[in-house]
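J.: The numbering of the sequence shown is the UniProt record's numbering, which starts it at 1 and goes up by one.
Just so you know, even glycine gets a beta-carbon here, dropped at the ideal spot from N, CA and C.
Predicted model, so just to flag it, every value in this text is computed and none were measured.
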Amino acid sequence: MTKTLKGIAASDGIAVAPAYLLVEPDLSFAKKTVDSVEDEVARYKKAIADSTAEVEKIRDTAKKSLGEEEAQVFEAHLMILNDPEFTGAIENEIKSQKINAEAALDETAQKFISIFESMTDNPYMQERAADVRDVSKRIMAHLLGKELPNPASIDHEVVVVAHDLTPSDTAQLNKKYVKGFVTDIGGRTAHSAIMARSLELPAVVGTDSITKDVENGQMLIVDGLDGDVIIEPTETQIAEYKQKGEDFLKQKAEWRKLKDQPSVTADGKKFTIAANIGTPNDMPGVHENGAEAIGLYRTEFLYMDSSDFPTEDDQFEAYKKVIEGMNGKQVIIRTMDIGGDKHLDYWDLPEEMNPFLGVRAIRLSLKNEEIFRTQLRALLRASAYGKLGIMFPMIGTLDELRKAKAILNEEKDKLVKKGVKIGDDLQVGMMIEVPAAAVLADQFAKEVDFFSIGTNDLIQYTMAADRGNDNVSYLYQPYNPSVLRLIKHTIDGAHENGIWCGMCGEAAGDNIMFPILLSMGLDEYSMSATSILRIRSLMKKLNTEDLKELANKACYVSETAEENEKLVEDLMKKLIK
Ligand code: PEP
Ligand code: MG
1 MTKTLKGIAA
11 SDGIAVAPAY
21 LLVEPDLSFA
31 KKTVDSVEDE
41 VARYKKAIAD
51 STAEVEKIRD
61 TAKKSLGEEE
71 AQVFEAHLMI
81 LNDPEFTGAI
91 ENEIKSQKIN
101 AEAALDETAQ
111 KFISIFESMT
121 DNPYMQERAA
131 DVRDVSKRIM
141 AHLLGKELPN
151 PASIDHEVVV
161 VAHDLTPSDT
171 AQLNKKYVKG
181 FVTDIGGRTA
191 HSAIMARSLE
201 LPAVVGTDSI
211 TKDVENGQML
221 IVDGLDGDVI
231 IEPTETQIAE
241 YKQKGEDFLK
251 QKAEWRKLKD
261 QPSVTADGKK
271 FTIAANIGTP
281 NDMPGVHENG
291 AEAIGLYRTE
301 FLYMDSSDFP
311 TEDDQFEAYK
321 KVIEGMNGKQ
331 VIIRTMDIGG
341 DKHLDYWDLP
351 EEMNPFLGVR
361 AIRLSLKNEE
371 IFRTQLRALL
381 RASAYGKLGI
391 MFPMIGTLDE
401 LRKAKAILNE
411 EKDKLVKKGV
421 KIGDDLQVGM
431 MIEVPAAAVL
441 ADQFAKEVDF
451 FSIGTNDLIQ
461 YTMAADRGND
471 NVSYLYQPYN
481 PSVLRLIKHT
491 IDGAHENGIW
501 CGMCGEAAGD
511 NIMFPILLSM
521 GLDEYSMSAT
531 SILRIRSLMK
541 KLNTEDLKEL
551 ANKACYVSET
561 AEENEKLVED
571 LMKKLIK
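Shown next as structure tokens:
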């Protein structure tokens, strides 16, 4: 039966394909004694053989679709499945305790995991704990007759359905086959949604119940433009949405014509439209969409994509590649923003009650100076290859900013003494994403070269509404006058003190927000690369004279976000014929 779910439109476009559920089955079991140890050992051996065959198949598909490197992890899993020390220990446990294979597997795996995890002086061995955990899960699923999702083995077009997707899940999706995704939870500015936009994957998040409403293989329409998901659509709906998808692609082709044109308003005022990236692999999208700069390089993805801390040289190479790739145009690289919804498997940090309010971003860097210094050295060395801006995330106090700058200057002095060349154009800036920093923008502006407003966080912290929680998404209001006043105050604070101000939060690429920001005189607009040409097209239609009153009205006359939305919509109807 056809059913429509409403969610949050997270990434533009239309996808029509069968559902692929990325949902872990319940693997709980009861410990039991067994009558026949032989039968239990045989049952266990069958689970090992089935798991091995399954992993071999996944490895082969992953090699073809994702590449040798991505398939490596499955080689490691096969080694564990073939390791008599591990498999023999489980067998012995069944025999000696006369217990069921599930209990023997669980007990043995826990032992191995804690041994590996305790090897704190050997990060390679520590990582093996994750492999043992994965392999044990697979054997357990076979023992219980359940099926684990295997995203790396997807070999046909699908829409991925999940309760939530972590940024690393999203990174592993193979774009050749994954045509879109839908989740139960999440918001438009959660990092998985941001990644979907950079991958140009249509996505709808926050549907509440998709994982319960859809079964593997059922047909789905994902409307990432309006936030609708249709389960088992009719033929007419499929045709209708395919048409909507084609219209969208045609519109995109129109925007493409603006790729090499400057970002100017109808009255000839020039602004910068920049791209946000997560890895050097995003560079083709940056060029295809005619970005005039990189306004935000989220370096944490470099840490998240590797199995251990990237070395100074690894980082240097990645930063250099991006800086050189921009041929002298500005590149703003943000120091790592780990914490909140971004974790590293190899960095065991204490659990926190409120991770978004905890040790995140610059707070984590200042607590772990060596890791921070390594990143700063890599950035400083890379600065010689173009026009770099180093940016600190989540600055809340002047003390944090001064500490971060002092460490940067120490590393810079050390490199200069060694004769290492540092770029002449190097700028140092900070994100304005903590309300405390926005309020004191005038004071912060005296100590940096630029600001970049991170609305994704600024909104969540101003409205006290988790950016990834769809239950409070009604409070996540970019157009709320309180948020707009903080933005205006930040831009004014920057300009009064002679520095430039950009925005790298998703609001910079929002059709309603954009005219307000233009009216406030924001200098640089940094967004998912796929939003650039839409915004450039809008900019060309607007005359700054017509927007003169807009900022003040939006900040000081309007009382609600809805009023502001209507204010801009009405004005746009009048100005754009
Ligand atoms: C922001 O908070 O607006 C931002 C750009 O940073 P991130 O989305 O990575 O938190
Ligand atoms: Mg942020």
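Any contact between the segment 403 to 410 and the segment 365 to 382? By contact I mean 3 or more CB pairs, one from each, below 8 Å.
T.: The segment 403 to 410 vs the segment 365 to 382: in contact.
J.: Could you check the C-alpha separation between residue 253 and residue 61 for me, to the nearest Å?
T.: Locating residue 253 in the sequence shown gives position 253, where the first residue counts as 1. Locating residue 61 in the sequence shown gives position 61, where the first residue counts as 1. C-alpha separation (whole angstroms): 34 Å.
J.: Counting along the chain, where does the beta strand (DSSP E) carrying residue 6 start and finish?
T.: Here residue 6 corresponds to residue number 6 of the sequence shown, with the count starting at 1. Taken as a continuous stretch (DSSP letters only), the beta strand (DSSP E) holding residue 6 covers 3 to 6.
J.: Tell me residue 501's beta-bridge partners as DSSP assigns them.
T.: In the sequence shown, the residue the question calls residue 501 occupies position 501. DSSP, once it has assigned bridges, lists 451 as partnering residue 501.
J.: Entirely within the segment 473 to 544 and at least 3 residues each: give me those beta strand (DSSP E) ranges in chain order.
T.: Listed in chain order, they are 500 to 503 and 524 to 528.
J.: Report yes or no: do the segment 35 to 54 and the segment 259 to 275 share at least 3 C-beta pairs separated by less than 8 Å?
T.: In short, these stretches do not touch, since the Cβ pair count stays below three.
J.: For residue 250, report the span of its alpha helix (DSSP H) as first-last.
T.: The sequence position of residue 250 within the sequence shown is 250, counting from 1. Here the alpha helix (DSSP H) through residue 250 covers 235 to 256.
J.: In angstroms, rounded to a whole number, what distance separates the CA positions of residue 513 and residue 284?
T.: Taking the sequence shown and counting its residues from 1, the one referred to as residue 513 is at position 513. Taking the sequence shown and counting its residues from 1, the one referred to as residue 284 is at position 284. Roughly 27 Å separates the two Cα atoms.
J.: If you compare alpha carbons, which of 375, 348 and 76 is closest to residue 117?
T.: Mapped onto the sequence shown, residue 117 falls at position 117. Nearest of 375, 348 and 76 to residue 117, Cα basis: 348.
J.: Less than 8 Å separating the beta-carbons of residue 393 and residue 441?
T.: Here residue 393 refers to the residue found at position 393 of the sequence shown. Here residue 441 refers to the residue found at position 441 of the sequence shown. For residue 393 and residue 441, no; Cβs fall outside 8 Å.
J.: Does residue 218 come out as helix, strand or coil in the three-state DSSP assignment?
T.: One-based indexing of the sequence shown puts residue 218 at position 218. Reduced to three states, the DSSP call for residue 218 is coil.
J.: Just curious, the beta strand (DSSP E) that residue 298 is in, first and last residue?
T.: Taking the first residue of the sequence shown as position 1, residue 298 is located at position 298. Segment 294 to 298, the beta strand (DSSP E) holding residue 298.
J.: Is DSSP giving residue 276 helix, strand or coil here?
T.: For this step, residue 276 is matched to residue 276 along the sequence shown. Three-state DSSP puts residue 276 in a strand.
J.: Going by other Cβ atoms of all chains shown within 10 Å of its Cβ, with 16 needed for buried, is residue 320 buried or exposed?
T.: The residue labelled residue 320 in the question sits at position 320 within the sequence shown. Per the 10 Å Cβ criterion, buried.
J.: From the DSSP output, read off the bridge partner residues of residue 18.
T.: Counting from one through the sequence shown, the residue named residue 18 turns up at place 18. In the DSSP output, where bridge partners are listed per residue, residue 18 has 219.
J.: Could you name the residues of the same chain whose beta carbon sits closer than 7 Å to that of residue 544, not counting the 5 residues immediately before and after it, in chain order?
T.: Indexing the sequence shown from 1 puts residue 544 at position 544. Hits under 7 Å: 265, 267, 269 and 518.
J.: Please tell me whether, using a cut-off of 7 Å, the distance from the CB of residue 469 to the nearest non-hydrogen atom of the ligand MG is below it.
T.: Numbered from its first residue, the sequence shown carries residue 469 at position 469. Flag unset: Cβ of residue 469 not near the ligand MG.
J.: Please report the distance separating the alpha-carbon of residue 272 from that of residue 416.
T.: Locating residue 272 in the sequence shown gives position 272, counting from the first residue. Locating residue 416 in the sequence shown gives position 416, counting from the first residue. Looking at the two C-alpha atoms, the distance is approximately 32 Å.
J.: From the DSSP output, which residues share a beta bridge with residue 13?
T.: Translated into positions along the sequence shown, residue 13 becomes position 13. DSSP, once it has assigned bridges, lists no residue as partnering residue 13.
J.: Could you please give the first and the last residue of the uninterrupted alpha helix (DSSP H) stretch that includes residue 440?
T.: The residue labelled residue 440 in the question sits at position 440 within the sequence shown. Per DSSP, residue 440 belongs to no alpha helix (DSSP H) and is neither H nor E.
J.: Just mark residue 556 as buried or exposed, buried being the case when its beta carbon has 16 or more other beta carbons within 10 Å.
T.: In the sequence shown, the residue the question calls residue 556 occupies position 556. It is exposed - the Cβ of residue 556 has fewer than 16 other Cβ atoms within 10 Å.
J.: For the putative contact between residue 453 and residue 430, defined by C-beta atoms under 8 Å, what is the C-beta separation to the nearest angstrom?
T.: In the sequence shown, residue 453 corresponds to position 453, counting from 1. In the sequence shown, residue 430 corresponds to position 430, counting from 1. About 10 Å separates the two Cβ atoms, so there is no contact after all.
J.: Select from 150, 400, 308 and 419 the residue whose C-alpha is nearest the C-alpha of residue 137.
T.: As a first step, residue 137 must be located in the sequence shown, where it is residue number 137. Comparing Cα-Cα distances from residue 137 to each of 150, 400, 308 and 419, the minimum goes to 150.
J.: I'd like the list of long-range same chain contacts for residue 47, defined as Cβ closer than 6 Å, with 5 residues on each side in sequence excluded.
T.: For this step, residue 47 is matched to residue 47 along the sequence shown. Around residue 47: 139, 142 and 143.
J.: Applying the 10 Å Cβ sphere with the 16-neighbour rule, what's the burial state of residue 1?
T.: Here residue 1 refers to the residue found at position 1 when the sequence shown is read from its first residue. Label assigned to residue 1: exposed.
J.: Leaving aside the five residues before and after residue 403 along the sequence, list all residues of the same chain whose C-beta is less than 8 Å from its C-beta, in chain order.
T.: As a working note, residue 403 is residue 403 in the sequence shown. Hits under 8 Å: 366.
J.: Specify, as a first and last residue, the run of the beta strand (DSSP E) that residue 554 falls within.
T.: One-based indexing of the sequence shown puts residue 554 at position 554. Looking at the DSSP string, residue 554 is not in any beta strand (DSSP E), and its letter there is neither H nor E.
J.: Kindly provide the ranges of any beta strand (DSSP E) runs that are 3 or more residues long and lie completely inside the segment 302 to 354, ordered along the chain.
T.: The segment 302 to 354 contains these whole beta strand (DSSP E) runs: 330 to 334.
J.: Any chance the segment 457 to 465 sits against the segment 523 to 530, with 3 or more Cβ pairs inside 8 Å?
T.: Result no; under three Cβ-Cβ pairs closer than 8 Å.
J.: If you check the beta carbons only, do residue 175 and residue 158 fall under 8 Å apart?
T.: Here residue 175 refers to the residue found at position 175 when the sequence shown is read from its first residue. Here residue 158 refers to the residue found at position 158 when the sequence shown is read from its first residue. Cβ distance not < 8 Å, so residue 175 and residue 158 don't count as in contact.
J.: Going by beta carbon distance, what residues of the same chain come within less than 6 Å of residue 200, once the five residues before and after it are set aside?
T.: As a first step, residue 200 must be located in the sequence shown, where it is residue number 200. The residues are 530.
J.: Please report how far the alpha carbon of residue 279 lies from the alpha carbon of residue 305, in whole angstroms.
T.: Start at 1 with the first residue of the sequence shown, and residue 279 comes out as number 279. Start at 1 with the first residue of the sequence shown, and residue 305 comes out as number 305. Taking the straight line from one Cα to the other gives about 9 Å.
J.: Quick one: give me the first and last residue of the beta strand (DSSP E) that residue 387 is part of.
T.: Walking along the sequence shown from the start, residue 387 turns up at place 387. 387 to 392 is the extent of the beta strand (DSSP E) around residue 387.
J.: Following the continuous alpha helix (DSSP H) through residue 179, name the residue where it begins and the one where it ends.
T.: Taking the first residue of the sequence shown as 1, we reach residue 179 at position 179. Note, residue 179: premise wrong, no alpha helix (DSSP H); beta strand (DSSP E) at 178 to 183.
J.: Please confirm if residue 342 has its CB atom under 8 Å from at least one CB of chain C.
T.: The question asks about chain C, but that chain is absent: this structure has only one protein chain.
J.: Just checking residue 298 against the ligand PEP - is the residue's beta carbon closer than 7 Å to any of the ligand's heavy atoms?
T.: Taking the first residue of the sequence shown as 1, we reach residue 298 at position 298. It does: the Cβ of residue 298 is within 7 Å (strictly closer) of some heavy atom of the ligand PEP.
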